[in-house]
Amino acid sequence: MMFTASLPYLHTERLVLREYRRGDFDLFADHLADPESSAHLGSADRPAAWRIFSSHAGLWLLHGAGWWAIEDKQTGQLVGTVGAFYREQSTVMEMGWNTYRAFWGKGIANEAAAAVLAYAFQVRHEPKVRALIGAGNESSRRVAERLGMRYEMETELHGKAISSYMIERK
Numbered sequence: 218m219m220f221t222a223s224l225p226y227l228h229t230e231r232l233v234l235r236e237y238r239r240g241d242f243d244l245f246a247d248h249l250a251d252p253e254s255s256a257h258l259g260s261a262d263r264p265a266a267w268r269i270f271s272s273h274a275g276l277w278l279l280h281g282a283g284w285w286a287i288e289d290k291q292t293g294q295l296v297g298t299v300g301a302f303y304r305e306q307s308t309v310m311e312m313g314w315n316t317y318r319a320f321w322g323k324g325i326a327n328e329a330a331a332a333v334l335a336y337a338f339q340v341r342h343e344p345k346v347r348a349l350i351g352a353g354n355e356s357s358r359r360v361a362e363r364l365g366m367r368y369e370m371e372t373e374l375h376g377k378a379i380s381s382y383m384i385e386r387k
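For the sequence shown, the numbering used here begins at 218 and goes up steadily by one.
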């Protein structure tokens with residue numbers, strides 16, 4: 218028996234947000250192995266990166282929400298990932314974004330995250346969305362603030378201090 222999840226494609230001016238594909242894995246693994254790129258996420262070796270990659274894709278089956286690959290419309294190149302998902306014990310949708318280092322500073326995270334936030338509120342009718350941002354991750358904090366998210370509280374995730382940012386649907 219085969220199971221499928223309906224993963225919506227989201228389009229912005231420059232980007233297509235689509236499903237993960239097997240061919241995306243090398244860039245994903247390289248991103249997680251790069252100490253500078255993964256400084257706020259925590260680095261991962263290739264086997265751990267495969268588990269993360271697979272679980273990101275599998276969230277769509279469990280929750281009907283998960284992670285998208287971010288593809289540049291003009292070049293077809295993979296430039297990062299963005300997600301709207303639930304953690305195991307959470308009832309609040311969480312967002313996350315990662316831009317691959319070669320594409321930092323181009324507004325890709327802002328554009329992709331804005332599309333995902335609109336999807337969460339307009340299509341899924343989520344009442345609120347949270348982003349957990351590691352200490353010192355100023356670029357992600359700026360993305361959250363551009364989205365209209367506001368600092369909520371300090372918390373902990375996997376033993377690390379983390380700031381929670383929240384936005385409610387209007």
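Positions of the beta carbon are idealized from the N, C-alpha and C atoms, including for glycine.
Expected contact under 8 Å - CB spacing of residue i and residue j to nearest Å
i    : j    : result
E369 : S381 : 4 Å
A348 : M310 : With a Cβ gap of about 10 Å, A348 and M310 do not count as contacting.
Inter-residue Cα distance where the pair is residue i and residue j
i    : j    : result
M219 : G353 : Note that M219 scores a pLDDT of 47, beneath 50, so its modelled location is shaky and nothing firm can be said.
E305 : Q294 : 32 Å
E371 : A378 : 7 Å
F320 : V296 : 6 Å
T316 : S260 : 15 Å
H375 : G351 : 11 Å
A337 : A301 : 7 Å
S307 : G275 : 17 Å
R235 : L227 : 7 Å
H248 : R318 : 8 Å
8 Å Cβ cutoff, residue i in contact with chain E
i    : result
A329 : This model lacks chain E altogether, as it is built from one protein chain only.
Outcome for residue i when other beta-carbon atoms lying within 10 angstroms are tallied against a minimum of 16
i    : result
V340 : exposed
L278 : exposed
H273 : buried
E343 : buried
S357 : buried
Top-ranked residue by Cα proximity to residue i, from the options
i    : options                : result
V333 : S356, A319, A265, A361 : A361
Q291 : I384, K323, L232       : L232
W284 : P225, M366, S356       : P225
A286 : G322, E355, R239, E230 : R239
| said: To test your reading of the DSSP string, which unbroken alpha helix (DSSP H) runs of 4 or more residues are found completely within the region 238-276? | reply: 242-250
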